[in-house]
Amino acid sequence: MGRVIAIANQKGGVGKTTTSINLSAALGAEGKKVLVIDTDPQGNTTSGLGLDKNELDKTIYELLIGEITTDEAIYKDVCPGVDIIPSNVNLAAVEIELIDSEDKEFILRNSLSEVRDNYDFIIIDCPPSLSMLTVNAMTTANTVLVPIQCEYYALEGLSQLVHTVNLVKDRLNPELEMEGVVFTMFDARTNLSLQVVENVKENIDENVYKTIIPRNIRLAEAPSYGQPINIYEPKSAGAEAYRLLAKEVIERKFA
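The following block contains the structure:
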């Protein structure tokens with residue numbers, strides 16, 4: 221059965237989407253079969269993997285409200301080894317649509333049950349909020365990976381996110397674990413980035429990945445070309461960092 225990783229942080233701009241796109245592509249390049257699920261109405265993971273989100277009529281929104289099957293929602297081979305269930309702005313209405321649904325916290329998990337065994341990894345890009353979509357991601361996931369930007373307010377909100385993970389674990393998904401923390405947008409030229417890394421390591425009990433994602437121009441450019449960094453600029457520091465992160469993720473073992 222595929223390992224399901226929700227990539228979550230209620231702070232925006234911390235590298236969630238960048239990590240969803242590039243970790244998925246790096247896992248695919250390692251020979252793993254990967255499904256990416258975009259649960260953010262902004263649809264940036266969708267466009268970052270080369271799909272025109274405004275032209276799609278089969279997305280996670282139609283899947284969650286029961287208009288299409290899981291197989292119909294999957295777009296195959298958006299890059300080597302990687303399929304995607306895309307998203308667009310329509311998803312913003314899903315919480316209202318499902319307000320009276322029974323088991324609304326488990327709709328995504330139930331939808332994925334028929335395809336879960338087809339993949340080594342399922343990566344879920346969560347919206348920057350602790351919404352029903354994020355809860356659906358966490359009830360589906362085995363683990364939660366938290367990107368943290370190397371900036372002054374890095375720890376702000378992290379305790380709330382860990383609290384949410386623990387609540388979901390207690391009430392909805394007893395198997396949920398913290399995958400760990402990955403540092404993003406690291407600038408080795410600044411003392412601040414180094415201080416943030418040390419501060420977070422001192423203040424949290426979670427696994428911290430050794431790989432640190434650098435602040436990198438090519439990494440920032442790649443989504444506008446609809447390509448992950450390992451295709452857009454395979455020799456860049458960003459591509460190398462996500463290759464190393466993918467190897468760490470593959471090697472990480474859970475009880």
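If you use my numbering, the sequence shown corresponds to residues 221 to 475, in order. Glycine included, every Cβ here is placed at the ideal spot set by N, Cα and C. Note that the structure is a prediction, hence the values are computed from the model and not measured.
Item, Value
"Can you name, in chain order, every residue of its own chain whose Cβ lies under 6 Å from the Cβ of D258, other than the five neighbours on each side?", "T265, T266, P306, S307 and D345"
"Looking at C-beta atoms only, is the number of pairs between the region 409-418 and the region 227-245 that lie closer than 8 Å three or more?", "no"
"Counting only runs that start and end within the region 280-320, where is the beta strand (DSSP E) found for 3 or more residues in a row?", "295-299 and 302-305"
"Excluding the 5 residues preceding and the 5 following T290 in the sequence, name in chain order all residues of the same chain whose CB lies nearer than 8 Å to its CB.", "L283, I305, S331, L332, E334 and V335"
"In angstroms, rounded to a whole number, what distance separates the CA positions of V388 and I368?", "21 Å"
"For Q369, which residues does DSSP report across the bridge?", "T404"
"Distance check for E453 and G301, CA to CA, integer angstroms please.", "18 Å"
"Can you round the beta-carbon distance between A225 and T363 to whole angstroms, since I take them to be within the 8 Å contact cut?", "The sequence shown places Ile at residue 225, rather than the Ala named in the question. With a Cβ gap of about 5 Å, I225 and T363 count as contacting."
"Taking the alpha helix (DSSP H) that R435 falls in, what are its first and last residues?", "From DSSP, R435 is part of no alpha helix (DSSP H); its letter is neither H nor E."
"Pick out whichever of G446, V469 and N393 has its Cα sitting closest to the Cα of L328.", "N393"
"Taking C-beta to C-beta, are K252 and F326 nearer than 7 Å?", "no"
"Given a cut-off of 7 Å on the beta-carbon distance, is the pair I343 and S240 in contact?", "yes"
"For A226, which three-state DSSP category applies?", "strand"
"Pull up the DSSP beta-bridge partners for D258, would you.", "D345"
"Let me know if Y373 comes out buried or exposed under the rule of 16 or more other beta-carbons within 10 Å of its beta-carbon.", "exposed"
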